[in-house]
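*Asks:* Sharing a structure with you now.
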Amino acid sequence: MSHGNTPEKRGDFHGGIHPEQNKLQSTMESSAQARMPAKLVLPLHQHIGAAAEPIIKIGERVLKGQKIASADGYVSAPVHAPTSGKIIDIADYPIPHPSGLSARSIVIETDGCDKWIEYKPEQDYTETNPSHLRNIIREAGVVGLGGAGFPSFIKLNPGSQKKIKTLILNGVECEPYITCDDMLMREEPQSIIAGARIMRHALQADACVIAIEDNKPQAYESICKAAEGIDGLRVALMPTRYPQGSEKQLIQVITGKEVPSNGLAVSIGVVCHNVSTAAAIYRAIHLGQPLVSRMVTITGAAVKRPRNLEVLFGTPIEELLEQCDVESEQIERLVMGGPMMGFALHDTSLPVIKTTNCIIAATRKELGLDRPVMPCIRCGACADVCPVKLLPQQLYWHSRAKEFDKAQAYDLFDCIECGCCSYVCPSNIPLVQFYRFAKGAIWTQEQEQKKSDQARERHEFRQMRVEREKLERAAKRAKKKAPRPKKAAPVDGAKMAEKMRDEAMSQRDSAVDARKAEIQAAVARVQARKKGTATKPDQAADAAAAVTPPKGDVDKKDGSSAAKDSNEQVQ
Ligand code: SF4
Ligand code: SF4
């Protein structure tokens, strides 16, 4: 392990900003356990990928850590009971999502016992093959806890052809207000380091770098201490800058390499995971415990006692606000995530899910809502800070005019929605909202196009089938109407025998006639020699022909004797 107190930078990224941090408020006291609510609402879709499928029934009693919904497909994650209790409903409930929609959820009435299911830790992960480790992590329902929610086992499976040089553990937490990773690094550094070693083994990575920004000196010291003496593990202190915690930007700073547009980090031999995910992987492997809770920052000017709480999934946000002494009447907006990339929630009864890292109960003053939105003055400040080197102003015009093709031509989908452009805009234009609107509209159009293509394909297939059946029916009808071939007359055995006999007799007569002609020709030749006059063969033949009797005049028996006599004469 190597570390120093000088911030390091191997590469750099374009733009970025230094917004007011507002992190101190929630790190003034140690984290605590959130109170156990009477009811937990667990959406089956708390991650990227397909929603999980329930495997329990209403009325069933469950233990803490018991799997209650299975992953449905490869990109999916199971859901486990966060505490013991009784299943009281499986139905649609509002979920914390920008859409504000509801989704299928399992509701548990807690029994207060918090009784764990029997779990089985791995004895020695270094003796376990990476594939088995990934399977345990998958079954434990571990997903990226940095906010993305991508199933972690997939990112730990780069494929046998890909060599991973560097595993990066992201402890940057660059977005203002959020401090859950900071507190975890201060309080549970051993879990994070143990998780990092497991992940390195699963990836067979050459080295591991834990990246921390220099606005978290306590976390940095704590992690350095826990990592002391571990080969191939480095702790990197980074100069604070937003959005350095974004995966592509962090990789560029740590390795000096750029992840290609539309490409994955694995293509340049790098895999990046969040520090909280590392701690969850440690619990899954060393303790055998599935993911049932996480650290959440409760903060904002409307919260009198901002801090971090370890929260069971499914806990209603209002319970956390109450525990942190919120002044409800002061809340202008409730945000899940940070002020730059988070989204507004419309109901305090919504549950905490796997991707809930922060809840901000913000006041009007705090949000700067008094600043009016003005027209774009084409100052170009937005382009100066864009970490992806886009032209935010062009994206804004085209998104606003619903010219989605043009917005895509300006690489709309490369935008990471970091909000740097909105932050610096002197006209206070909510630029990111326009980009989200355009992306959503394009996505909807694509879905509709896909549906209509599928409907067209189904229709064409049906037409083909109907046409084929029609042809088959016509062919059957034509076959029925075709005249039947006449049957052969029954064979008369006697007539047939007579006919065959006549044919045989006729053939024999012809043979006898030919033989007689040969004999007579030979007799003529002999007689001619006796007389001393040589007769040419063709003359003899002519003579024979001249004496050949008409067919049928020769007695068959006599013919044979004559032939015998003439043969003797010739010899
Ligand atoms: S920063 Fe705002 S005003 Fe300036 S060009 Fe960009 S969108 Fe226009
Ligand atoms: S939100 Fe998008 S366009 Fe704006 S600065 Fe970030 S990446 Fe660039």
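416 is the number of the first residue of the sequence shown in the working numbering; add one for each residue after it.
We treat Cβ as the ideally placed atom computed from N, Cα and C, and that holds for glycine.
#1: Would you mind listing the alpha helix (DSSP H) stretches within the stretch 521-606 that are 4+ residues and don't spill past its ends, in chain order?
#2: Is residue 753 helix, strand or coil when you go by DSSP?
#3: Just to confirm, are residue 567 and residue 701 a CB contact at a threshold of 9 angstroms?
#4: Check for me: the beta strand (DSSP E) holding residue 482 runs from which residue to which?
#5: Give the C-beta separation of residue 740 and residue 769 to the nearest angstrom, bearing in mind that I take them to be a contact with Cβ-Cβ under 8 angstroms.
#6: What are the boundary residues of the alpha helix (DSSP H) that residue 665 is part of?
#7: Going by C-alpha distance, which of 434, 680, 508 and 470 is nearest residue 655?
#8: Looking only at its chain, what residues have a beta carbon closer than 7 angstroms to the beta carbon of residue 593, apart from the 5 residues adjacent to it on each side?
#9: Helix, strand or coil for residue 987? Go by DSSP, reduced to three states.
#10: Mind checking residue 540: buried by the 16 CB within 10 Å criterion, or exposed?
#11: Only counting the same chain, and skipping five residues up and downstream in sequence, which positions put a Cβ closer than 7 angstroms to that of residue 473?
#12: What I want to know is whether the C-beta of residue 629 ends up closer than 8 angstroms to one or more non-hydrogen atoms of ligand 4.
#13: Is residue 674 near ligand 2, with its Cβ less than 8 angstroms from a heavy atom?
#14: What does the alpha-carbon distance come out to for the pair residue 755 and residue 861?
#15: Any heavy atom of ligand 1 closer than 8 angstroms to the Cβ of residue 538?
#16: What span of residues does the alpha helix (DSSP H) with residue 874 cover, start to end?
#17: With a floor of 3 residues, list each beta strand (DSSP E) that falls wholly inside the stretch 684-751, ordered by position along the chain.
#18: Please report the straight-line C-alpha distance between residue 529 and residue 612, rounded to a whole angstrom.
#19: Any contact of the stretch 619-630 with the stretch 779-799, i.e. 3+ C-beta pairs under 8 angstroms?
#20: Could you check how far apart the C-beta atoms of residue 736 and residue 778 are, in whole angstroms? I think they sit under 8 angstroms.
#21: Alpha carbons only, please: which of 690, 533 and 683 is nearest the one belonging to residue 603?
#22: Counting Cβ pairs closer than 8 angstroms, one from the stretch 511-525 and one from the stretch 463-479, do we hit at least three?
#23: When you compare only the Cα positions, how much space is there between residue 797 and residue 808?
*Replies:* The short version:
#1: Runs of the alpha helix (DSSP H) lying entirely within the stretch 521-606, each at least 4 residues long, are 545-554, 567-570 and 595-602 in chain order.
#2: Correct three-state label for residue 753: coil.
#3: No, the Cβ-Cβ distance between residue 567 and residue 701 is not below 9 angstroms.
#4: Judged by DSSP secondary structure, residue 482 falls within the beta strand (DSSP E) whose first and last residues are 482-485.
#5: Not confirmed; about 26 angstroms, so no contact.
#6: Taken as a continuous stretch (DSSP letters only), the alpha helix (DSSP H) holding residue 665 covers 662-670.
#7: Ranked by how close their Cα comes to the Cα of residue 655, the residues 434, 680, 508 and 470 have 434 in first place.
#8: Excluding residues within five positions, the ones whose Cβ falls inside 7 angstroms are 712, 753, 772 and 773.
#9: Because the chain spans 416 through 986 in this model, residue 987 falls outside it and cannot be assessed.
#10: Of the residues assessed, residue 540 falls on the buried side of the cut-off, its CB having 16 or more other CB atoms within 10 angstroms.
#11: Only 502, 503, 504 and 505 meet the Cβ criterion.
#12: Among the ligands present in this structure, namely ligand 1 and ligand 2, ligand 4 is not found.
#13: No.
#14: Inter-residue distance for residue 755 and residue 861 is about 28 angstroms (C-alpha atoms, whole angstroms).
#15: Residue side-chain check: residue 538 keeps its Cβ at 8 angstroms or more from all non-hydrogen atoms of ligand 1.
#16: For residue 874, the uninterrupted alpha helix (DSSP H) segment begins and ends at 846-896.
#17: 685-689, 708-714, 722-727 and 748-751, all fully within the stretch 684-751.
#18: Counting only the Cα atoms, residue 612 lies some 30 angstroms from residue 529.
#19: With a cut-off of 8 angstroms, the stretch 779-799 and the stretch 619-630 do not count as touching, because too few Cβ pairs lie within range.
#20: Not really, about 14 angstroms apart at Cβ, beyond 8 angstroms.
#21: Cα-wise, what sits closest to residue 603 is 690.
#22: Contact holds: three or more Cβ-Cβ distances are below 8 angstroms.
#23: In this model, residue 797 and residue 808 are separated by some 7 angstroms (Cα to Cα).
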